Amino acid sequence: MQFKKVTHVIFDLDGLLIDSEKLYTEAFETVCSKYGKIFTWEIKASLLGFQGYECADKIIKELNLPLTREEFMTECQTIYERVFKNVELMPGAQKLVEHLYRKGVPIALATSSSQDSVDMKMQNHKSFLNYFHHCIMGSSDPDVTKGKPDPAIFIVCASRFPDKPAHENCLVFEDAINGVKAACAANMQVVAVPDPRIDREQLKNATLVLNSLEEFQPELFGLPNYD
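For the sequence shown, my numbering assigns the number 8 to the initial residue and increments by one for each residue that follows.
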């Protein structure tokens, strides 16, 4: 199978490059259980790709929690500070990102997380972030006016490459339905590497769906292949 050639690559972070989604789940479950509520996979799946405040608002509304957005986020923050220092890279992440960097392919990061959140999660992986030309932190960046599935974050990300590539020349890697929708709305090809519990039918607009980053073949998109 052959796809349109690309020149630039944009990566999501949570659930794609780092195994952080289970840690978010742990935090949400812990806070919700304090108030006698159960944080379900159905709620979780609907949040993937959202910015932090959007997650808080939806969980509070869905479960009728007696908390303000700020209170919920503060309680979660306490848990994040404990669990995020243990986050690990996803299988294939180091190999793929390092390969593209070494081959001179312009790569960037586009995450819905805030700068503070990324700093916390990547405290043991700081050198990994050096591979990226730039990193867009959606919850902190004033130019990212809306969270995924709005395409704003990917449009802003593409615009910050020095040569400002056409959107159709960018390839996005995502794990979430909302991220796939955002990439498609930005007129970019998108490789989805979803949680296995996500219904593949909901990812039908993705250019390619993989079980792991380890399965990706760069040459399919005109990118340098592994040596």
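No residue lacks a Cβ here, since even glycine has one placed at the ideal position from N, Cα and C.
Please read these numbers as outputs of a predicted model, since none were measured by experiment.
Is the distance from the Cβ of residue i to the Cβ of residue j below 8 Å?
i: Ser-219; j: Lys-128; result: no
i: Ala-115; j: His-141; result: yes
i: Pro-201; j: Val-216; result: yes
i: Phe-7; j: Gly-154; result: In the structure displayed, the chain extends from 8 to 234; residue 7 sits before or after that span and is not available.
i: Cys-83; j: Ala-52; result: no
i: Val-112; j: Leu-24; result: no
Is the beta carbon of residue i within less than 7 Å of some heavy atom of the ligand ZN?
i: Gly-111; result: Here there are no bound small molecules, and the ligand ZN is not part of this structure.
Count the other C-beta atoms from every protein chain shown that fall within 10 angstroms of the C-beta of residue i, then say buried if there are 16 or more, exposed otherwise.
i: Asn-71; result: exposed
i: Asp-19; result: buried
i: Ser-166; result: exposed
i: Thr-118; result: buried
i: Pro-158; result: buried
i: Ala-173; result: exposed
i: Asn-93; result: exposed
i: Glu-88; result: exposed
Can you tell which of the options has its C-alpha closest to the C-alpha of residue i?
i: Phe-228; options: Val-104, Cys-191, Ser-53, Val-197; result: Val-197
i: Phe-161; options: Asn-194, Pro-149, Glu-82; result: Asn-194
Assuming the contact rule is C-beta atoms closer than 8 Å, residue i and residue j should be a hit. Round their C-beta distance to whole Å, please.
i: Gly-22; j: Leu-55; result: 7 Å
i: Pro-156; j: Ala-189; result: 5 Å
i: Ser-147; j: Gln-130; result: Contact doesn't hold; Cβ gap of about 17 Å is too wide.
Checklist entry - What alpha helix (DSSP H) runs, 4 residues minimum, are completely inside the segment 129 to 178? => result 133 to 136, 159 to 166
Next on the checklist: What ranges does the beta strand (DSSP E) occupy inside the segment 10 to 72, keeping only unbroken runs of at least 3 residues that lie completely in it?
Outcome noted: 15 to 18
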